[in-house]
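Data first, discussion second: the structure below is written as C-alpha cells.
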Amino acid sequence: MLKETVISRAVRIVCAGGMVAALSVASQSAVAQDAPIQRVEVTGSSIKRIAAEGALPVTVLTAEAIRTSGATSVTDLVKKLSSAQGATTESSSVGGSTFGFSGISVHNVGETRTLVLLNGKRLAQFGGQTLTGFAAGFDLNSIPISAIERVELLTDGASALYGADAIAGVVNFITKHDTTMGDVSIGYSAPKNGAREKRLSATKGFGNLDDDGYNVVLTFGHDERDKLTSVDRKFASTGQVQFSANGKRYQKQQFSVSPIPANAIDDNGQLISPYQKTTGSCPAKTFRVLEPYEDLDGTPRLNDYCGYDFVKDLEIYPERKRDNFMASGTFKIAGHEVYADVLLSRTKQTSRIAPVPGEIAIDAGTPLHDKYLLPIGITGGSLAAYRLFDMGQRTSKDTADFASVVVGTRGVAAGWDYNASYNFSESRVKGSISGYPGAIAVSNLTASGLLDPFVGPGKQSTAAQDAIKAATFTGYWDGGTSRLQTINLNGSTELRRLAGGAMMLGVGANINREEFSSKPSPFAQGILADPVKGTLCGGTTGLECDQRFGDAASSKPYSASRTSKGIFGEVIAPVLKELELGAALRFDEFSDFGGATTAKASFKWTPAPTLLIRGSVGNGFHAPTVPQVNALQRGYGVTSDKYTCTPALQAIATRLNAQCQPGNHQYDQLAGGNRNLQPEKSKQATIGFRYEPISAITLGADLWHVQIRDSFGQLTEQLVFANPAAYPKAWSVNTDVGTGKTYLAFLADNQNLGKSFATGVDIDVSARYRSGIGLFTSQLNATQMLREDIQLERNGNYYSALGNFAELGTVTFRTRGQWTNTLKTGNWANSLTVNFVSGYKDQKTTVDVLDSSGAVTGQEDIRMRVGFYSTLDWQTVWTPSKSWVLTAGVLNLTDKSPPFVPSTSGANRGQQFGYDDRYYDPRGRTGYLNASYKF
3 MLKETVISRA VRIVCAGGMV AALSVASQSA VAQDAPIQRV EVTGSSIKRI
53 AAEGALPVTV LTAEAIRTSG ATSVTDLVKK LSSAQGATTE SSSVGGSTFG
103 FSGISVHNVG ETRTLVLLNG KRLAQFGGQT LTGFAAGFDL NSIPISAIER
153 VELLTDGASA LYGADAIAGV VNFITKHDTT MGDVSIGYSA PKNGAREKRL
203 SATKGFGNLD DDGYNVVLTF GHDERDKLTS VDRKFASTGQ VQFSANGKRY
253 QKQQFSVSPI PANAIDDNGQ LISPYQKTTG SCPAKTFRVL EPYEDLDGTP
303 RLNDYCGYDF VKDLEIYPER KRDNFMASGT FKIAGHEVYA DVLLSRTKQT
353 SRIAPVPGEI AIDAGTPLHD KYLLPIGITG GSLAAYRLFD MGQRTSKDTA
403 DFASVVVGTR GVAAGWDYNA SYNFSESRVK GSISGYPGAI AVSNLTASGL
453 LDPFVGPGKQ STAAQDAIKA ATFTGYWDGG TSRLQTINLN GSTELRRLAG
503 GAMMLGVGAN INREEFSSKP SPFAQGILAD PVKGTLCGGT TGLECDQRFG
553 DAASSKPYSA SRTSKGIFGE VIAPVLKELE LGAALRFDEF SDFGGATTAK
603 ASFKWTPAPT LLIRGSVGNG FHAPTVPQVN ALQRGYGVTS DKYTCTPALQ
653 AIATRLNAQC QPGNHQYDQL AGGNRNLQPE KSKQATIGFR YEPISAITLG
703 ADLWHVQIRD SFGQLTEQLV FANPAAYPKA WSVNTDVGTG KTYLAFLADN
753 QNLGKSFATG VDIDVSARYR SGIGLFTSQL NATQMLREDI QLERNGNYYS
803 ALGNFAELGT VTFRTRGQWT NTLKTGNWAN SLTVNFVSGY KDQKTTVDVL
853 DSSGAVTGQE DIRMRVGFYS TLDWQTVWTP SKSWVLTAGV LNLTDKSPPF
903 VPSTSGANRG QQFGYDDRYY DPRGRTGYLN ASYKF
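What the sequence shown shows, in this note's numbering, is residues 3 to 937, in sequence order.
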C-alpha cells in the first residue's frame, strides 16, 4: 500500500487546490506522518487514483476551512469563494419570483453552466426555474452544511466524467462517510434589528466498515431566520435620497406612480395628483414628481404627481426556515461495497413588499369622477393609478422540497475499480401569495361605489373594508416540479507501467431522464371569474376571466421531458516521472438535440520537487433547459426599471395599436420558449503552476479561458429601451382586464445571442510560521478577471460587464478575494479575514440636480463610480477538550454599509434601493456563537 509523508500530503493538497493549501497538514504530529492513503476519485476525472496525480485546477475546502469562514449555510459559504460570482442570492426574492433560489456561478460564466454534484452525483434542477433559464441550477439551500466533509471546486469545465455541459466548472459537495463520531451543534447569529438566525444540527455515525462490515451516518439540520426590514437600515430606508458626486448635489427618487390616494390621467394625458391639486402637498409616504415631456407634435407637457415611496414597505432580507435530513449507508458484501445516500430537505421563505398597485378606470359622469376629477378640470374618462393599501402587504410564501436517493455498488472486479449507481432526485416548488385581488373584482368594487381610490389609508367605509378583505386572494399561485433519474456505470484500471508510473484508463456510460412540469394555479392561468371562490370562467359559464390586479398576465401549465445518453473514455499516461499526459473523449446523445462529441487534453509537468506546471484544453456542449425550449409564451412580470414614454416608444405603441404606460412606469414583460433554440458550444483552456520555494510558503495561479458560441439568453431591457426602433421584434402588447386598456409590452423571448469570451486567473498564496506563541498561517485567495466580451445578438456588438454595469444588466468584478490570517495557540485559534471586491462603474441613471437650497434645477444622466469595498471578519475558536468546540465571531466587524448606487434596474435584482442587493449584504455587523459537542 502506498504511503505519504506530511510534506507529500501537503503537496498533494496544494496540487489539488489552493484554498486550504496544507496550512494545518504540516503541523500534524509525527504519529500521523506515515498514514496510509487509498486511491480516490478526484473531481474532474473518472479515474480512481491518488489525488496528487491530478492535472486539473481543483480547489478543496475542508470542514475546518468552512468553520473558519464563519459561514452558517452553504448559500453563505459559496459567497466567500473568490472564484464564484454572478449567482442568484436570496435577496432577489424581494419583489421577484425566485421562490428563494440560491445558486452558484463559477467565474460569472453562469449558474446554468455550473454543475453542482452531491458525492459526485448529478442533482435535479430547481423546480421553480423559469422559461428563460433563470434558476435552472441546483438550489444550495437543499444541502445541510453540517453534513459536509469537504467541498471540491473544479474551475475547469466540460468534465468527461460528469458531462460536457459543465462549461463553467463543477462544484462537488462531499458529505461525511465512514465515521462513528457524533456531533451536536447549536448556533445563533445576531445582526442589529433583524435577520437573526438560530441553528441546530446533529450528526452520528454507526458501525465500522472494516470491523463491522457496515457504516451508517445520519445528519439533521434546522435553522430559522427572521426578517430584516428596509427601515432598519438607514442606507435602504427610503426611495428619496440626496447625494453628492462630480462636484454637484443630486437627488434620486425611486417610487411607484400608484400611491394612496390615487394619481389620475387628465384630459391631456398628463399624470397628476388630485390630492396634491386640492391640498397643495403630497400625502404621507409619497413625494412630488415633476416630469416634463413633449407630445409627438412637440406640445410641451408636464407630469406632476405624487410618487409612492414603496421602499419603506420592503423587507430586504426575507424570513427563512430550513430543515435537512441526510442518511448515508455503506455495507460490505462479498468484498464489494453497496451504498445508499438519501437527502430530504425543505426550505420555507416568506417575503413581503408594498401593498398591491394597479389601475382603475374612472368613467366620466360617475360619482367618483364628479367628486374628485371634474372639480380639477378633468372632463373626460380617466385612469386612477392606485395602491390598495388597506389590503396589506403583498406576501409570498414559498416552499421548496428536495429529495434525492442514490443506490449503488462499488469495488474491484477483474482488475477494474468500478462504480455503478442509480440516482433519483426531485425538486418540488410551491409558491403561495396573499394581498392580491382580481383586477375585475377591484373594478367592480369601484363601480359599486364601495371603493374610493381617492381617500387615504384606513379612510374607506366599514362596508368597503369588508369588501376589500373579501376580495383578497390567499393561496397557491405558481410552482413546478423538476425530476432527474440517472443510471451511471464507470470504471478505471491500470493498462501498463510507463516510465513515470501506471498508465490508467477510465471508461463509463450514463443515461439521464429529465422531466419538468410547470404548475400555475387556476388564478395564475387566468381561468377564474372569482379567484377567491374559485369560480371558473369562459365557455358555457359566460363569465369574464379575471387576472391579478396590477399584473395583467397569465401562464399556461405544461410538461416536457428529455432523455440523454453518454459514453466516455479517459486515459492518464505518466510518460516520464516528471510528465503526465491526459486525454478524455465523450459522446452525448439527446432525444431533442441529437449527438455531440467533446474532448479534453491535459498535462502535468513537475520539473522540480517544488514546482508543478499543469494545463488543459477542451470543448463543451450545453443544451438549453427543457422549459427554455418548450414553455408557452406568458407574462413574465415587469421590467426591473421604470421608463417614460419617449417618442420612439410612442411610435412602437402606435404601430401595435397600444399605448404607453402613464408617467414613469414599469412595463409588462412577456417571454416564451423557443423550439428553434440551438445548444451552446464552448472551448476552454487552463494553464497554471504550483510552487513551494520553501516548506512554509506555497504559491499558485491558474489562468483560464472560456469561449461560447450560440449562447442563449434574452435581449436586456437596458439595450432595447435605449433604442426601441432597433429591435422591432422585442415588442408586443398586453391588455389589462381591469381597465380594458392595451399597453405596450417588452418581449424577452429566448434566443441564441451570439458569442462570449471570458478570461481570468485564480491566485492563491499561503504561508505558515511557527513561533513561541503558536502557529501562524496566512492564506490569500483571489480571482482576477482579465476579459469579458459578450454579444447580445448574432454578429452584433460586444459588451462587457467587467467593472461596468451597463447593457448586460449585471456586474463582473475585476478582482475578488479573501485573505485569512490565523494564530493557533494551544487550544485557542484566532482568525481575521479580509473580504474584498474591486469597484465598478454604475449604470447610467437619470437624477435631479439640486441647488444650494435643495431645489430641483434640472435633470442629468450620471454614472456613479463605486469604489473598492472590503469587510473584516473575526473569529475565535476555543477547544477546551476533545469533546467541546466553542466558536465566537463577528462578520463585518466594522459594520460597513454597502456602497450607495442610484441605479434601480438589473438582471435578477430585487426591489431594494440605495445599494445593489446582488453584490452587497445589508445585514451589517453580525455577531455569532456556535457550540459543538463531539462524542
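Where is the CB? At the ideal position from N, CA and C, for every residue including glycine.
Here the structure is a predicted model, which means the values were calculated and not measured.
A Cβ-Cβ contact shorter than 9 Å links residue 469 with residue 452.
A straight-line Cα-Cα distance of about 6 Å links residue 685 and residue 708. When rounded, the separation of the alpha-carbon atoms in residue 724 and residue 186 is 56 Å.
Inclusion of residue 565 and residue 496 in the CB contact set at 9 Å is not warranted, their separation being larger than that value.
When DSSP states are grouped into helix, strand and coil, residue 525 belongs to the helix group.
Residue state for residue 332 is assigned as strand, using DSSP reduced to three classes. Within 10 angstroms of the beta-carbon of residue 551 lie 16 or more other beta-carbons, which makes it buried. Relative to the Cα of residue 287, the nearest Cα in the group 233, 895, 492 belongs to 233.
With a cutoff of 9 Å on beta-carbon distance, residue 240 and residue 209 are scored as not near each other. The alpha carbon of residue 235 has as its nearest neighbour, out of 222, 259, 193, the alpha carbon of 193.
Ranking 535, 531, 614 by CA distance to the CA of residue 543 puts 531 first. Look at residue 838 here: in three-state DSSP terms it is strand. Residue range 719-724 is occupied by the alpha helix (DSSP H) that includes residue 721. Nearest in C-alpha terms to residue 489, of all of 512, 503, 477, is 512. When DSSP states are grouped into helix, strand and coil, residue 932 belongs to the strand group. Residue 251 is positioned such that its CB atom lies closer than 9 Å to that of residue 852. Proximity to residue 588 across 154, 130, 344, 164 peaks at 164, based on C-alpha coordinates. Residue 574 and residue 688 have their C-alpha atoms roughly 17 Å apart. The distance from the Cβ of residue 745 to that of residue 660 is about 6 Å, consistent with a contact at the 8 Å cut-off.
Approximately 12 Å separates the beta-carbon atoms of residue 363 and residue 382; this is outside 8 Å, ruling out the contact. In this structure, residue 325 and residue 224 form a Cβ contact; the two beta carbons are roughly 5 Å apart against a cut-off of 8 Å. Here DSSP, grouped into helix, strand and coil, assigns residue 456 to coil. When beta bridges are read from the DSSP output, residue 284 appears opposite no residue.
Residue range 464-473 is occupied by the alpha helix (DSSP H) that includes residue 467. Shown here, residue 769 sits in a strand according to DSSP, grouped into three states.
Taking a contact as a CB-CB distance under 8 Å, the pair residue 319 and residue 332 does not count as one, their CB atoms being some 40 Å apart. Per DSSP, residue 685 is one residue of the beta strand (DSSP E) stretching across 682-696.
Contact between the region 791-808 and the region 766-773 is absent: fewer than 3 CB-CB pairs across the two stretches fall below 8 Å.
As the crow flies, the alpha-carbon of residue 73 is around 37 Å from that of residue 633.
Per the Cβ contact rule, the region 520-530 is not in contact with the region 152-159 (fewer than 3 Cβ pairs under 8 Å). Here the C-alpha atom of residue 66 lies approximately 21 Å from the C-alpha atom of residue 200. For residue 596, the number of other beta carbons within 10 angstroms of its own is below 16, and it is reported as exposed. Using a C-beta cut-off of 8 Å, the region 411-418 makes no contact with the region 304-312, since fewer than three inter-stretch Cβ pairs fall below that distance.
The way I'd put it, the region 726-744 doesn't touch the region 805-820; fewer than three beta-carbon pairs between them come closer than 8 Å. The Cβ atoms of residue 823 and residue 780 sit closer than 9 Å to each other.
Inter-residue distance for residue 741 and residue 266 is about 13 Å (C-alpha atoms, whole angstroms).
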